[in-house]
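Following this note's numbering, the numbering of the sequence shown begins with 18 at its first residue and continues without gaps.
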Amino acid sequence: MLNMEKIARDELQSGVALREYAAKELAAPVTKAAAMIAAAIRNGGKVLLCGNGGSAADAQHYATELVARLYQRERPAMAAIALTTDTSVLTAVANDYGFEKVFARQVEALGKKGDVLLGLSTSGNSANVICAITAARNRGLQVISFVGQGGKLAALSDLVLSVPSDNTMRIQEIHLALGHVLCKLVEEMVFPAEEAKA
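In structure tokens form, the structure reads like this:
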């Protein structure tokens, strides 16, 4: 019979090494990503976010943290839009143009030079995220990608945060941690705590 407690312990332990890797190797690139987004927001731009499945949930999560707030202190809202949420747009575009265009069409409609696109893909090869990045490049947006071990997105992006794993769950766990750090840094860069108190 399977030892369920051991399975639970092993699952929890298996992400520790990746978390340590992220702390050592990804702190610098996530800081650069935050600086890109903060500069866009300070200059009247916005961040567009997209991904599939769990990555779609992450895109919505990060957008929420920026628009609402991450910490329990007041500060103005920041412009962030998850391209994963409008079912009418998603289904219309999927029906009329194909699923690979569901995010690209929204980038064409909403993106402008000075904005940032954040694309998430654990494989790094999601066709609809790749199409979104292509649309973003054509419109002059900067592109940040959260990926697993690379894939096609890496070569198309200005900045890549890559988690060295092929385990989707572990990659998503690190992406979530990185997203929280990213949002904290953006919040501090755009609205420093000292200024928020003033």
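Ideal Cβ placement from N, Cα and C applies to all residues, glycine included.
Where do the N-terminal and C-terminal ends of the beta strand (DSSP E) with Gln-159 fall, by residue? 159 to 164
Could you have a look at Gly-168 and say whether DSSP puts it in helix, strand or coil? coil
How would you label Met-95, buried or exposed, when you count the other beta carbons within 10 angstroms and need 16 or more for buried? buried
Cutoff 7 Å; reference Ala-213; Cβ partners in own chain excluding five residues on either side: Residue placement at Ala-213 is poorly supported in this model, since its pLDDT is 49, which falls under 50; the coordinates still yield a value, given next. Taken in chain order, the residues that qualify are Arg-90, Glu-91, Arg-92.
Starting from Leu-107, follow its DSSP beta bridges and name the residues at the other end. Its beta-bridge partners do not exist; DSSP assigns none.
For the putative contact between Val-164 and Ser-179, defined by C-beta atoms under 8 Å, what is the C-beta separation to the nearest angstrom? 5 Å
What are the start and end residues of the alpha helix (DSSP H) that includes Val-33? 33 to 42
Skipping 5 residues on each side, what residues in its chain have a beta carbon closer than 8 Å to that of Ala-215? A caution first: Ala-215 carries a pLDDT of 48, below 50, which makes its placement in the model unreliable, though a value can still be read off. Hits under 8 Å: none found.
Taking 8 Å as the cut-off, decide whether the C-beta atoms of Ala-97 and Val-64 are in contact. yes
With H, G and I counted as helix, E and B as strand and the rest as coil, what does DSSP make of Ala-96? coil
Considering only the beta carbon of each residue, do Ala-194 and Arg-26 sit closer than 8 Å? no
Quick one: measure Cβ to Cβ for Gly-62 and Leu-137, integer angstroms, because I've assumed they're closer than 8 Å. Not really, about 19 Å apart at Cβ, beyond 8 Å.
Apart from the five residues just before and just after Lys-118, which ones in its own chain have a Cβ nearer than 8 Å to its Cβ? Val-110, Ala-111, Asn-145, Cys-148
Member of Ile-150, Arg-154, Phe-116 whose CA lies at the smallest distance from the CA of Lys-130: Arg-154
So what's Val-198 in DSSP terms, helix, strand or just coil? helix
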